[in-house]
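In UniProt numbering, the protein residues as written are 162 to 369. All C-beta atoms in this analysis are idealised placements derived from N, C-alpha and C, irrespective of residue type, glycine included. Scroll down for the structure; my scribbles are underneath it.
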């Protein structure tokens with residue numbers, strides 16, 4: 162506990178506005194030591210959150226659970242602590258998701274090594290995922306129309322809002338925009354190659 166206190170004091174010197182929200186431990190369940198550690202952090206935060214990260218992958222995934230403590234027992238007598246589970250929602254930046262997805266792919270590599278994907282491969286993977294999602298939506302719509310699945314008004318309104326968000330473009334206008342963008346890209350590529358050639362030529366002239 163003294164180590165945690167010293168580290169927090171050092172951290173406050175660098176980031177004085179940051180506060181302790183809780184603590185985490187590796188494992189899939191609450192242990193007998195959790196109560197003692199949680200009691201310490203209860204003095205640093207009003208209602209600290211305890212996270213458990215299952216690094217053993219018992220269920221085939223790294224599950225993360227969150228708890229808060231609740232006092233239990235007879236008032237005036239010996240009181241105990243009960244950990245109440247919370248709902249965990251994952252939020253992340255797109256760049257973080259790319260890194261995690263890349264790390265997860267090493268599970269399927271024989272030597273546990275995998276290279277970075279090119280921009281074109283990432284676009285292809287994203288397009289494939291969108292295509293799979295659209296196939297699922299189309300299958301659901303067909304099942305509803307055929308009577309295999311009962312209609313859900315909430316899902317219907319959500320799908321309608323998605324359809325309304327798709328920009329309506331005339332095919333001819335879309336082709337014109339695409340060709341224009343391709344021409345712009347070719348021009349940028351040409352200018353980049355021309356600049357590279359001029360730099361290489363200049364280096365050769367200087368070294369004569």
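Assuming residue i and residue j make a contact with CB atoms under 8 Å, what is their CB distance in whole Å?
i, j, result
"residue 227", "residue 246", "7 Å"
"residue 209", "residue 181", "7 Å"
"residue 183", "residue 212", "7 Å"
"residue 196", "residue 249", "About 21 Å separates the two Cβ atoms, so there is no contact after all."
"residue 267", "residue 258", "So it is not a contact: roughly 16 Å between Cβ atoms."
Residue i bridges to which residues according to DSSP?
i, result
"residue 229", "245"
"residue 214", "187 and 225"
How would you label residue i, buried or exposed, when you count the other beta carbons within 10 angstroms and need 16 or more for buried?
i, result
"residue 202", "buried"
"residue 172", "exposed"
Does the Cβ-Cβ distance between residue i and residue j come in under 9 Å?
i, j, result
"residue 223", "residue 229", "no"
"residue 256", "residue 216", "no"
"residue 194", "residue 244", "no"
"residue 296", "residue 305", "no"
"residue 298", "residue 320", "yes"
"residue 205", "residue 169", "yes"
"residue 251", "residue 225", "yes"
"residue 316", "residue 301", "yes"
Hey, quick one: how far does the alpha helix (DSSP H) through residue i stretch, first residue to last?
i, result
"residue 204", "Neither: residue 204 is in no alpha helix (DSSP H) and is coded neither H nor E."
"residue 182", "Segment: none, residue 182 is in no alpha helix (DSSP H) and carries neither H nor E."
"residue 289", "280–307"
"residue 169", "163–175"
"residue 269", "Element bounds for residue 269: n/a, residue is neither H nor E."
"residue 311", "From DSSP, residue 311 is part of no alpha helix (DSSP H); its letter is neither H nor E."
Does the Cβ of residue i lie closer than 8 Å to at least one heavy atom of the ligand COA?
i, result
"residue 261", "What this structure holds is no ligand at all, so the ligand COA is not there to describe."
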